[in-house]
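S.K.: Going by the UniProt record's numbering, the final residue of the sequence shown carries number 356, and the count climbs one at a time with no gaps.
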Amino acid sequence: MRCRKYPTVAIVGFIILVGFALYFRQPRSSGQTHILKQQQEENTHVQDKSSQIREIQTQVDYSDEKFTNLFHSLQHSNARKGLSTNCLTGATMRTFSPGFKTVLHKDTHDATIPEVDVKREDAFVNIFKNHKWGRGDNTSDLQVSGGGSYLKFAQETMAVLHSVVDEYKILKGVKRVRLLDIPCGDMQWMSRFLATRDDIDYYGMDIVPQLIDLHEKKFKEEPWTFKQHDIAKTALVDSYDIIHCRMMLQHLPVSETLKVLDNFSQSKSSYLVTTTFPTTSSHKKIHAGSFQALNLEIPPISLPPPLCYQRDGDHTRQGHHYIGVWPLPLKYIEDCSQVAKGVLQDKKNLTIHTCI
């Protein structure tokens, strides 16, 4: 009897296994089928989405106007439509007739005069040595470049540079950007900006040799290049993706400003980010190192509207100075015999003066 039990147990076990096999071979219930199908679709969707992202990253059409207004601006499409936008929000700040005629910007003044060049450098060295633009607000160990270089007054400019660098990389399909900062000044805020990025090849230039010496020592561990350079005297040897020239031109005579702009244009660089005072109706004669609210859109400079504007600096002052982005080489309005009035749509609408 004991020997007969084992075949019986084996037969029962075999029947149970066959039963399980037959059960799992049966068609799934509608609920089970739905769940499996949903999981399959989700997996397929993830794979498709990944493929789409890779395709976009490798085959994006940069002429297709599907990006931000700033991206449109960098492609010049907004200018062709007669629009200047806000550099950060993309909101329309100004409209104008796009049918104006421009010619390449060319300095028509005489060659630089050695005595004038010496006086210009001496003027800015004197400002540096004697703290003519103040001693700062104690937020940095070196503050010699005036209130405009304080970190608290550079927030909008930092944001604009972030946007322009990011959009330029998309536009050109590059991973790094060559940035010329001229004048680099005391590096209060720029050093902080650069610390947040690892995709910029930075070149800082200034007319004051002592500043360059200080920066080379202070930032010797950083991959930044510094050079003493008088841009009103000497052309640039290299080209850059972005030239950043903030709060410098207003401290030069207009004749020297034209030389600077011509040197920027001749450098084969791509974009200029610089300061302008669009509410100014006329210019005056000044010496290097003094100040006037320089409007780049009226004679004798007569630039067309920038691709975008952004209010800059100390908003409590009445200077109404802005950062503007222009494509290089610069062009100017050929016929600007009469300055016109326009409206800049900011938090408060401003009456501006322009060639168109």
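Virtual Cβ for every residue (Gly too), placed ideally from N, Cα, C.
Report, in whole angstroms, the separation of the C-beta atoms of E167 and L307, which I expect to be a contact under 8 angstroms.
M.R.: About 10 angstroms separates the two Cβ atoms, so there is no contact after all.
S.K.: For E256, count the other beta carbons within 10 Å of its own beta carbon; 16 or more makes it buried, fewer makes it exposed. Which is it?
M.R.: buried
S.K.: For H162, does the three-state DSSP call read helix, strand or coil?
M.R.: helix
S.K.: Output yes or no for whether 8 angstroms exceeds the beta carbon distance between T279 and L296.
M.R.: no
S.K.: What separation, rounded to the nearest whole angstrom, lies between the Cα atoms of D117 and G289?
M.R.: Roughly 12 angstroms separates the two Cα atoms.
S.K.: Alpha carbon to alpha carbon, how far is A123 from K81?
M.R.: Between the alpha carbons of A123 and K81 lies a gap of roughly 43 angstroms.
S.K.: Between F100, H244 and D206, which lies nearest to S269 when the distance is taken from Cα to Cα?
M.R.: Nearest to S269 by alpha-carbon distance, out of F100, H244 and D206, is H244.
S.K.: Taking Cβ positions, are F100 and I333 nearer each other than 8 angstroms?
M.R.: yes
S.K.: Does the distance from the C-beta atom of Y203 to that of I242 stay below 8 angstroms?
M.R.: no
S.K.: Go ahead and pull the three-state DSSP assignment for Q310.
M.R.: strand
S.K.: Under three-state DSSP, which class holds V251?
M.R.: According to the sequence provided, residue 251 is His. The question's Val does not apply to it. Three-state result, H251: helix.
S.K.: Classify S282: buried if its beta carbon has 16 or more other beta carbons within 10 angstroms, exposed otherwise.
M.R.: exposed
S.K.: With DSSP run on the structure shown, which of helix, strand or coil describes E42?
M.R.: With a pLDDT of only 40 at E42, under the threshold of 50, the placement of this residue in the model should not be trusted; the figure read from the coordinates follows. If DSSP states are grouped into helix, strand and coil, E42 belongs with the helices.
S.K.: Would you grab the beta carbon distance between L161 and V260 for me? Rounded to a whole angstrom, and I think it's under 8 angstroms.
M.R.: Wrong, their Cβ atoms sit about 20 angstroms apart, outside the cutoff.
S.K.: So, under 8 angstroms CB-CB, I200 and V165 are touching, yes? Tell me the CB distance rounded to an integer number of Å.
M.R.: Contact annotation, I200 with V165: C-beta distance approximately 7 angstroms; criterion of less than 8 angstroms satisfied.
S.K.: What are the start and end residues of the alpha helix (DSSP H) that includes F128?
M.R.: Looking at the DSSP string, the run of the alpha helix (DSSP H) that includes F128 is P114 to K129.
S.K.: Can you tell which of V103, I231, G173 and T157 has the C-alpha that lies nearest to the C-alpha of R120?
M.R.: I231
S.K.: Taking just the CA atoms, how far does L330 sit from Q310?
M.R.: 19 angstroms
S.K.: Using DSSP with H/G/I as helix, E/B as strand and the rest coil, what is I170?
M.R.: helix
S.K.: Starting from F193, follow the alpha helix (DSSP H) in both directions and report where the run begins and ends.
M.R.: M190 to A195
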